[in-house]
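J.:
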Amino acid sequence: MTNKTDRALGLFVLALAVASAGLFDPAPVQAGVPRQTSPQSLVPNQPVTGTIDDLAFRQVYTFIADAPDQITLSMTRQSGDLDPYLVLTTEQGAILAASDDGGTGANALIPALTLPGPGRYFVIATRFGQELGSTSGAYSLLVQHVDYGTTRATALRYGQSVLGQITRGNPVAFYFVRAQRGEVITITMRRVSGDLDPHLDFATADGQILISNDDDPLAEGTLNASIRDFTILRSDVYLIQATGYSGTEGSFTLTVTQVPPEELGKTLEDALLIDYGMTVRNTTSEDTPVRYFRFFATEGDILAITATSSAASLTVTLLDSTAAELARASAERAGAPARIAAFATPAEGMYYLAVSAAQSATGEFELQLSGRAGQGAGRALEIVYDSTVSGLITDEHTADEYVFLGSAGDVVRVTMERASGDLDALVTIYDRDRKQIAFDDDGAGNKDARIDAFTLPYDGVYILGASRYRREQGQTTGAYILRLERIDAGE
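In this text, residue positions in the sequence shown follow the working numbering: the first is 1, and each later residue adds one.
1. Given that a residue counts as buried once 16 or more other Cβ atoms are within 10 Å of its Cβ, and exposed if not, what is His199?
2. Run through DSSP, which three-state label would Val29 get?
3. Between which two residues does the beta strand (DSSP E) holding Asn213 run?
4. May I have the straight-line CA-CA distance separating Val414 from Arg432, to the nearest angstrom?
5. For Ala419 versus Ala479, is the C-beta spacing smaller than 8 Å?
6. Which term fits Tyr462, buried or exposed, when burial requires 16 or more other beta carbons within 10 angstroms of its beta carbon?
7. Assuming Tyr121 and Ala65 are in contact, meaning their beta carbons sit under 8 Å apart, how far apart are those beta carbons, in whole angstroms?
8. Just reading off the beta strand (DSSP E) that Ser524 is part of, what are its end residues?
9. Leaving aside the five residues before and after Asp452 along the sequence, list all residues of the same chain whose C-beta is less than 6 Å from its C-beta, in chain order.
10. Using the Cβ count rule (16 or more neighbours within 10 Å means buried), how would you classify Asn224?
11. Does the structure place the segment 439-456 close enough to the segment 382-402 that three or more beta carbon pairs sit under 8 Å?
12. Mind reading off the beta-carbon distance from Val355 to Leu369? Whole number of angstroms is fine, and I expect it under 8 Å.
13. Tell me which residues share the same chain as Ala297 and place their Cβ nearer than 6 Å to its Cβ, disregarding the 5 neighbours each side in the sequence.
14. For Gly478, name the three-state secondary structure that DSSP assigns.
15. DSSP state of Arg157, grouped into three classes?
16. Measure the alpha-carbon distance for Ala97 versus Glu91 and round it to whole angstroms.
17. Assuming Met416 and Ala438 are in contact, meaning their beta carbons sit under 8 Å apart, how far apart are those beta carbons, in whole angstroms?
18. Spatial neighbours of Asp229 within its chain, please: CB distance less than 7 Å, with the 5 preceding and 5 following residues excluded, ordered by chain position.
19. Alpha carbon to alpha carbon, what distance is there between Ala408 and Ala466?
20. Between the C-alpha atoms of Glu485 and Ala444, what's the straight-line distance to the nearest angstrom?
21. Can you tell which of Gly159, Arg191, Ile95, Gly250 has the C-alpha that lies nearest to the C-alpha of Arg168?
22. Anyone know if the C-beta pair for Ala179 and Tyr238 falls short of 8 Å?
23. For Leu141, I'd like the list of residues in its chain whose CB is within less than 6 Å of its CB, leaving aside the five on either flank, ordered along the chain.
24. Here's the rule: buried if 16 or more other CB atoms are within 10 angstroms of the residue's CB, otherwise exposed. What is Asp488?
25. Please return the same chain residues whose Cβ sits closer than 7 Å to the Cβ of Ala358, not counting the five positions on each side in sequence.
26. DSSP on Glu417, reduced to helix/strand/coil?
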């Protein structure tokens, strides 16, 4: 926050403390400043909703703690462009914690905070900048006790080991760890004494178990437990439950570690998780000539992938979930980009990227991945200017459709070439109302089709149909390559 916003928040907290002590009556409302009404009570594990806008840029809530509880507070945007900001204070107005972007995206999260003691606490739900802010929208607010029965949950950090004990009176030990999307973690639980047969559960903060284990595959002959190389799919606070199998008891050590990113991506199975809009840096070497990454895409997403290294000429390859190659691009020289542009994903699912260096050169590289939903909204793949797609025409599947965005006056060329079989290609351009405005059968010769130098009549979406001569009544089949180009009028 800005200093001005800090001062505004401090003055509000001071006023809140005085008001809670009953020392003044609320002042008249000034223009643009909301009146503070009686705070709404929060009940643990029961979310409440509200709205932040220019007339009500903050809402105040309260809850009672009976002991020095450990809690988690979250404020999640439900609509609009709201940038949530969350503040927790004592009844006297002392700020215990604040969060701007502590949760996923712009959401606010105060995880696993131990309260100083029993009493009344205030939660201020607002937006970044408060009255100086500009975002608005609906939100959901939730307070949760990090407390299960009589057992308190301990917050852990990566690399930290703790000593715990499982007994009949204390059959489960709880721990919390905060993890970020894409991190790969390992949890180990080793017996120190007793007949303890360790068992581990890794769960969301509300107790939904994601993975369990009671054996360590790297420690055969022992009863130790481990959860190894687990990829975090959502930035959040997670719960670790440690217990003994079949009522066994004893002491143990518990350790949570993060697998170093440089140790990942050496095989397809341990590919690094990335998202649209990310730029990541990694290295190739003689021992690791290829690095693998993975991401999730929906059908028809338009991808742009660029890999660059000043140390080597790179090749980037796009693979589907079965490791089949979909596209490949190589840099002309070290320092030049290897770029796959405007590739439309054919189906929803996991995809992989392989980045390799010529002659196994050692050096750092940068990988950029961008993606957006295609204009076909999953019903048809999008194709963009100067890109190529492929397909297969059979008796059961006699046509494919693609969509593209064009502008009035664009001069386009569409080429459909046979790649296999005896396919007699037919390509058609339809307008937004599915009216046929151009087509060709044998314009490119050898039963290939070409619509040449066609001028688009309007700005917007067009449909390309790739089929065979006589469509459903036709008899030819085979694979094809379809290319869309924007050309100069004189070409």
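From the three backbone atoms N, C-alpha and C, an ideal C-beta is built for every residue, glycine too. Since we're looking at a predicted model, the values are computed, not measured.
T.: Reading it off the structure:
1. The count along the sequence shown starts at 1 and reaches residue 199 at position 199. So His199 ends up on the buried side.
2. Residue numbering aside, residue 29 sits at position 29 when the sequence shown is read from its first letter. For Val29, the pLDDT reaches just 32, beneath the cut-off of 50, and the residue's location in the model is therefore unreliable, leaving the point undetermined.
3. Stepping through the sequence shown from its first residue, residue 213 is reached at position 213. Where Asn213 is concerned, the enclosing beta strand (DSSP E) stretches over 209-213.
4. On the sequence shown, position 414 is the one that residue 414 refers to. On the sequence shown, position 432 is the one that residue 432 refers to. The straight-line gap from Cα to Cα measures roughly 17 Å.
5. For this step, residue 419 is matched to residue 419 along the sequence shown. For this step, residue 479 is matched to residue 479 along the sequence shown. Yes, the Cβ-Cβ distance between Ala419 and Ala479 is below 8 Å.
6. Within the sequence shown, numbered from 1, the residue matching residue 462 stands at position 462. So Tyr462 counts as buried.
7. Residue numbering aside, residue 121 sits at position 121 when the sequence shown is read from its first letter. Residue numbering aside, residue 65 sits at position 65 when the sequence shown is read from its first letter. Between Ala65 and Tyr121 the Cβ distance is about 6 Å, and since that is below 8 Å, they are a contact.
8. Examination of residue 524 is not possible in this model, given that the chain is present from 1 through 491 alone.
9. Here residue 452 corresponds to residue number 452 of the sequence shown, with the count starting at 1. Result list for Asp452: Arg413, in chain order.
10. Numbered from 1 along the sequence shown, position 224 holds the residue referred to as residue 224. That one is buried.
11. no
12. For this step, residue 355 is matched to residue 355 along the sequence shown. For this step, residue 369 is matched to residue 369 along the sequence shown. With 8 Å as the limit, Val355 and Leu369 do not qualify as a contact, their Cβ atoms being about 11 Å apart.
13. Here the question's residue 297 lines up with position 297 in the sequence shown. Thr345, Tyr351.
14. The count along the sequence shown starts at 1 and reaches residue 478 at position 478. Of the three classes helix, strand and coil, the one that applies to Gly478 here is strand, per DSSP.
15. As a position in the sequence shown, residue 157 is number 157, starting the count at 1. Coil, per DSSP.
16. Along the sequence shown, one-based indexing puts residue 97 at 97. Along the sequence shown, one-based indexing puts residue 91 at 91. Cα to Cα, Ala97 sits roughly 14 Å from Glu91.
17. The residue given as residue 416 occupies position 416 in the sequence shown. The residue given as residue 438 occupies position 438 in the sequence shown. Between Ala438 and Met416 the Cβ distance is about 13 Å, and since that is not below 8 Å, they are no contact.
18. For the purposes of this step, residue 229 is identified with residue 229 of the sequence shown, where counting begins at 1. Cβ within range, chain order: Val184, Thr186, Val259, Asp270.
19. The residue labelled residue 466 in the question sits at position 466 within the sequence shown. The residue labelled residue 408 in the question sits at position 408 within the sequence shown. Spanning the two alpha carbons is a distance of roughly 23 Å.
20. For this step, residue 485 is matched to residue 485 along the sequence shown. For this step, residue 444 is matched to residue 444 along the sequence shown. Rounded to the nearest angstrom, the two C-alpha atoms are 15 Å apart.
21. Taking the sequence shown and counting its residues from 1, the one referred to as residue 168 is at position 168. Selected option, being the one with the closest Cα: Gly250.
22. Here residue 179 is taken as the residue at index 179 of the sequence shown, counted from 1. Here residue 238 is taken as the residue at index 238 of the sequence shown, counted from 1. It is a contact, given that the beta carbons lie within the stated cut-off.
23. Mapped onto the sequence shown, residue 141 falls at position 141. If we look at Leu141 and ignore the five residues flanking it on each side, its Cβ neighbours are Val48, Met75, Ala125.
24. The residue given as residue 488 occupies position 488 in the sequence shown. Asp488 comes out exposed.
25. Here residue 358 corresponds to residue number 358 of the sequence shown, with the count starting at 1. Excluding sequence neighbours, Ala358 sits near Ala312, Ser313.
26. Walking along the sequence shown from the start, residue 417 turns up at place 417. Residue state, collapsed to three classes: strand.
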